[in-house]
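One line per chain: the protein sequences are A and B, in this order. Count along the first sequence from 1, add 11, and you get the number used in the numbering used here. Count along the second sequence from 1, add 4, and you get the number used in the numbering used here. Read the structure below first, then the notes.
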Amino acid sequence: MSQPAPGSSDFRISQSAAPGGTRIYLFRVLLAAGPQDTRRFAGVTFSSSFVQHSLMRSIMKASNPAGSDTKPVFAVFEGGRQILAAPRWSGRAESRTSLAPWLPLWEIAGAYSGTTVEDIARGQFRRDLLISLLALIALGVAAFATFTMATRETRLARMKSAFISNVSHEMKTPLALISMYAETLESGRVSAPEKVRDYYRTILRESRKLAGMVENVLDFARLESGRARMQLEAIDLGELASEVVRNCSERLRLEGFHLSLEIEPGLPPIDGDRAALSQALLNLLDNAVKYSAGTKEIGVAVLRADGSVVVEITDQGIGIDPSEQQRIFEQFYRAGDPMTQKVRGAGLGLALVRHIVAAHRGRIELRSTPGMGSAFSVVLPAHAAGASPS
Amino acid sequence: MISAGQTAVRTTTQMRVLVLSVVMVVVCAAILGVVQYRSLVQLEIRTRITFQDDLVRSAQSIAGDVEGEVRTIGAAVLASFHKEDTNSDVRDLARRFQEIHRRQPEIDEVFLFALDDPSGTSAVFSTRDGADRCT
Chain A
12 MSQPAPGSSD
22 FRISQSAAPG
32 GTRIYLFRVL
42 LAAGPQDTRR
52 FAGVTFSSSF
62 VQHSLMRSIM
72 KASNPAGSDT
82 KPVFAVFEGG
92 RQILAAPRWS
102 GRAESRTSLA
112 PWLPLWEIAG
122 AYSGTTVEDI
132 ARGQFRRDLL
142 ISLLALIALG
152 VAAFATFTMA
162 TRETRLARMK
172 SAFISNVSHE
182 MKTPLALISM
192 YAETLESGRV
202 SAPEKVRDYY
212 RTILRESRKL
222 AGMVENVLDF
232 ARLESGRARM
242 QLEAIDLGEL
252 ASEVVRNCSE
262 RLRLEGFHLS
272 LEIEPGLPPI
282 DGDRAALSQA
292 LLNLLDNAVK
302 YSAGTKEIGV
312 AVLRADGSVV
322 VEITDQGIGI
332 DPSEQQRIFE
342 QFYRAGDPMT
352 QKVRGAGLGL
362 ALVRHIVAAH
372 RGRIELRSTP
382 GMGSAFSVVL
392 PAHAAGASPS
Chain B
5 MISAGQTAVR
15 TTTQMRVLVL
25 SVVMVVVCAA
35 ILGVVQYRSL
45 VQLEIRTRIT
55 FQDDLVRSAQ
65 SIAGDVEGEV
75 RTIGAAVLAS
85 FHKEDTNSDV
95 RDLARRFQEI
105 HRRQPEIDEV
115 FLFALDDPSG
125 TSAVFSTRDG
135 ADRCT
């Protein structure tokens with residue numbers, strides 16, 4: 012049995028190993044000559060079952076802390092031998108705390124149920140890192156989106172500027188011709204009737220070109236703003252295509268083009284706006300004329316395909332680079348090819364075609380090889396039996 | 005009137021400002037990322053220490069609970085003894101010890117020690133039958 016541990020209190024606890032198990036003593040000093048002296052004292056020892064019961068109760072209380080996700084578990088060791096443990100004790104201690112000086116023979120080992128301190132810390136680190144990474148990724152995506160949008164707006168502003176310049180230039184040429192021929196006729200310098208007729212024809216042609224150009228710009232503005240209204244009716248696309256071809260065949264013939272038209276018999280009708288579709292086909296034909304270069308062969312074919320009717324306009328011209336095949340349908344966009352840059356245009360024709368075709372729930376397809384020519388296909392859904400155009 | 009050249013200069017400047025802004029955002033994000041990572045590493049270390057400390061504190065609390073219970077029960081018993089009791093009659097003490105055992109069954113043994121007894125060290129122990137004095 013050890014002597015009572017020195018201290019300021021009258022009561023002192025001590026512990027000693029005994030054959031029946033550890034004994035816990037509580038002393039009270041009854042008479043002392045000085046603070047370090049114990050001349051007379053009374054003491055009690057406690058039953059081992061009481062001490063173990065008390066320990067177990069405290070362990071269970073500490074194992075269920077309120078408001079905590081991680082549950083600590085404890086075991087008591089005496090000289091390296093486990094004498095008590097909480098029910099979920101796994102045998103692996105995260106910490107060992109000596110109970111000296113009160114109960115110097117015992118050590119309380121602690122751990123977390125089903126996890127370790129390392130796992131808890133690492134799990135929290137990973138969770139926080141993931142949140143930070145997600146925030147950084149969101150920031151990156153936002154920066155990228157802002158950059159893309161701003162780049163697009165800058166490009167659009169540049170294209171609009173180029174569009175104004177192109178339109179002005181395109182208008183200037185027919186206006187100059189009209190003005191020049193009108194002045195010549197007005198001055199009376201030309202008297203030969205054939206020559207006068209030729210001058211009038213030129214004025215008329217240039218006026219139509221000018222009107223067509225203005226019409227294109229206005230139509231595009233209407234479609235862009237959603238103000239355009241389509242008058243849908245059942246249309247024979249073959250008939251419409253032959254009408255468009257007939258209207259411009261003379262002009263194309265004079266310009267040296269050979270225009271072929273092929274219409275599959277028995278085509279189903281489509282629901283469409285006659286004027287808008289005519290304009291779309293005319294724009295595609297104009298496009299084929301503009302970029303035909305030396306080989307002046309243009310083909311128009313109207314075919315049936317899987318519940319749709321397809322108008323295909325092919326040329327043997329300069330073709331379009333694969334990298335630009337999607338972008339040529341953008342408003343104001345003009346392909347970067349030097350041959351394209353030589354041809355006058357506002358960059359609205361194909362954008363207008365795309366808008367018109369989309370308004371008919373159709374699609375436009377392009378097959379093109381640079382130097383070999385292009386084929387634009389307008390695919391429009393056939394008129395469903397029993398359905399009325401809306 | 006703005007010429008094409010002026011427009012080109014303006015768009016180039018806009019692009020430069022844009023690229024510069026994006027580069028600044030990326031650099032700031034990278035710096036923040038590094039700072040955040042270092043903070044998280046520190047936090048991980050602190051978390052580990054905190055959880056270890058919690059275990060130690062809980063163990064000390066367990067020991068404190070046991071000590072408190074032992075002290076509460078024992079102090080009530082021991083408070084009834086005075087310095088003169090070491091010289092009291094063994095039979096009187098035996099009765100008192102038995103009364104203590106009856107009231108506090110968790111107490112195994114009661115004893116009194118007098119180290120300054122003229123005849124040497126004197127001790128009175130509770131026994132199964134009552135009390136026993138040794139000198």
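Idealized CB from N, CA, C, for every residue including glycine.
- Inclusion of D326 of chain A and P381 of chain A in the CB contact set at 8 Å is not warranted, their separation being larger than that value.
- The shortest CA-to-CA distance from H180 of chain A to any of A:G318, A:G358 and A:W117 is the one to A:G358.
- The alpha-carbon of Q336 of chain A is positioned some 27 Å away from that of K220 of chain A.
- For V94 of chain B, the closest Cβ of chain A is not nearer than 8 Å.
- Following the DSSP letters along the chain, one finds Y192 of chain A inside the alpha helix (DSSP H) bounded by residues V128 to S198.
- Of the other Cβ atoms in all chains shown, 16 or more fall within 10 Å of the Cβ of V389 of chain A; this residue is therefore buried.
- Annotation for L95 of chain A: Q63, L66, M67, I70, A86 and V87 place their beta carbon closer than 8 Å to its own, counting only its chain and skipping 5 residues before and after.
- Neighbours of V39 of chain B across chain A, judged by C-beta separation under 8 Å, do not exist; the nearest C-beta is about 10 Å away.
- Cβ-Cβ distances below 6 Å link D136 of chain B to F129 in the same chain, with the five nearest sequence neighbours on each side left out; the list follows chain order.
- Here Y302 of chain A carries a coil assignment [DSSP, helix/strand/coil].
- The segment 259-272 of chain A makes contact with the segment 300-310 of chain A, as at least three CB pairs between them are under 8 Å.
- Per DSSP, R75 of chain B has no beta-bridge partner at all.
- Annotated three-state conformation of T16 of chain B is helix, per DSSP.
- By the neighbour-count criterion, in which a residue is buried when 16 or more other Cβ atoms sit within 10 angstroms of its Cβ, F155 of chain A is exposed.
- In the structure shown, the three-state DSSP call for G121 of chain A is strand.
- In this structure, DSSP gives E308 of chain A an extended state, which the three-state scheme calls strand.
- In this structure, W100 of chain A sits away from E71 of chain B, with a CB-CB distance that is not shorter than 8 Å.
- Straight-line spacing of the CA atoms in E273 of chain A and S236 of chain A works out to 36 Å.
- Within chain A, the residues F57, S58, S60, F61, V62, H64 and S65 have their CB atoms less than 9 Å from the CB of E110 of chain B, given in chain order.
- The beta carbon of F158 of chain A sits closer than 8 Å to some beta carbon of chain B.
- Pairing D58 of chain B with I148 of chain A, the inter-Cα distance amounts to about 36 Å.
- Residue environment for I49 of chain B: exposed (fewer than 16 other C-beta atoms within 10 angstroms of its C-beta).
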